[in-house]
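Trainee: Right, I'll just put the structure down here and ask away after.
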Amino acid sequence: MELTLKIVDADGAVLASSTGWDETFLVYRHSYREGDRVIVEVSEPGHVFLALDGAIQPGLVYMKECAYSLAVPFGDKRKPYSPNAFRGDIHRLSARSTRPDEIVHRRNLALNPWDDHANGALFPHARANVETRGEAVFAARNAIDGEKANDDHGFWPYTSWGINRDPQAALTVEFGRPVRIDEIAFYLRADFPHDSWWEKVSLTFSNGKTCCFPLVKSGVAQAFPIEPCIVEWVELHGLIKAEDASPYPALTQIEIWGTEAPETGTSRLRSTTIAEAPTGALGDDV
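Numbers in this note's numbering are just positions in the sequence shown, counted from 1, shifted up by 8.
Here is the structure:
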C-alpha cells in the first residue's frame, strides 16, 4: 500500500508532504495555522496505523476511502485533545499499513482517536442525533477516542458524549465494513454527584436485533458478552435514566470487542442473530 501524508493550508496549498510504500513519516517544522488540514492518502482501502500527533495515541483504523482529511483543531474544537496536541513548531506524523497477522486478533473495534464530525473515510466513526450544546467536549467522537478518565467532565482528558438531557438521544458507531463482535463495554461518566447514570440502555445492530443491558452507578467498565454476530454498525439508544437528582447522565467510552469478519461466508454469517442473554451474562434480547 502506498501512503502519503500532507499538510495543506486553508487554500489547499501543500505545505509539506511525504510518500512511502507501507510506511511513511512526515516532520512539519512550523506552527499550525487556522485552516490547516492533515491529509492521509492510501493507494487502496485497508487498515492503517495512524499517528498524526505526538500527544495523541496511535490508532489502528480502517480507511474505506483513499483519502482522509482532518482539520487541525483550534478554539473550542481543541478542547477534546491534550493541551500539547497540535501545538509547537515541530510535528511528527506517521502512517503504516498493517500486516495480516496484526488485524486478525480480537480487539476493541470501536477505537478511533482520529474521528471527527466531518469524517466519512476513516472507521470506526461515531455520530449522534444530539450533543450537549454542540460543544466539542461532549461530541460523539469522544465515546470512541480511547480516553477513559471519567471522574470529572468538560475538558481533556474528561471528554464524553453528552446528551443534552434528551431521552431520545442515540449514538451510532459505524465500522465501514462487516466485523464480528462478541462483547460490549460501557464506561459511564462518573462525576458523581454532578452526574446521573442510566439504569438500562439498548443497542440495535445492523442485522436487525436489539439487546438491552442493565447498568449500575459506577465508573468502572461494565462489560457484557453477546452471541457473536456480523454487523456493520450498532446504535445505542433507549437510555433509561436513574431516579436521582442529577439531570446529567453521559457516556465516557463505549468499547465493542471482536475481530474482522471472515472474507468468505460473510453473507451467511451476517444474518446471525443475537440469542437471548442468560441472566448476568449477555444483554437481554428484545
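Glycine included, each C-beta is placed from N, C-alpha and C at the ideal position.
Please name the residue in Thr27, Pro132, Gly96 whose C-alpha comes closest to that of alanine 148.
Mentor: Pro132
Trainee: State the Cα-Cα distance for the pair proline 270 and serine 204, rounded to the nearest angstrom.
Mentor: 40 Å
Trainee: Is the number of C-beta pairs between the stretch 118-136 and the stretch 69-83 that are closer than 8 Å three or more?
Mentor: yes
Trainee: Whole-angstrom Cβ separation of leucine 211 and glutamate 235, contact assumed at under 8 Å?
Mentor: No, leucine 211 and glutamate 235 are not in contact; Cβ-Cβ is about 13 Å, not under 8 Å.
Trainee: Let me know the secondary structure DSSP gives threonine 212 once reduced to three states.
Mentor: Reduced to three states, the DSSP call for threonine 212 is strand.
Trainee: Return the CA-CA distance between asparagine 150 and asparagine 116, expressed in angstroms with no decimal places.
Mentor: 15 Å
Trainee: Does the distance from the CB of alanine 258 to the CB of serine 226 come in under 8 Å?
Mentor: no
Trainee: Where does threonine 27 land, buried or exposed, given buried means 16+ other C-beta within 10 angstroms?
Mentor: Taking all protein chains in view, the Cβ of threonine 27 is surrounded by fewer than 16 other Cβ atoms within 10 Å, so the residue is classified as exposed.
Trainee: Quick one: grab the DSSP three-state call for aspartate 61.
Mentor: Of the three classes helix, strand and coil, the one that applies to aspartate 61 here is coil, per DSSP.
Trainee: With 16 other CB atoms within 10 Å as the buried threshold, where does lysine 217 fall?
Mentor: buried
Trainee: Pick from Val50, Gln176, Ser254, Val69: whose alpha carbon is nearest that of glutamate 299?
Mentor: The displayed coordinates of the chain run from 9 to 294. Any statement about residue 299 would go beyond what the structure contains.
Trainee: Taking contact to mean 3 or more Cβ pairs, one atom from each stretch, closer than 8 Å, check whether the stretch 166-182 and the stretch 92-101 are in contact.
Mentor: no
Trainee: Go ahead and pull the three-state DSSP assignment for glycine 28.
Mentor: The DSSP-derived three-state label of glycine 28 is strand.
Trainee: What does DSSP give as the partner residues of arginine 45 in its beta bridges?
Mentor: Val16, Ala79
Trainee: Between the C-alpha atoms of valine 16 and alanine 136, what's the straight-line distance to the nearest angstrom?
Mentor: 29 Å
Trainee: I need the straight-line Cα distance from alanine 21 to glycine 246, nearest angstrom please.
Mentor: 46 Å
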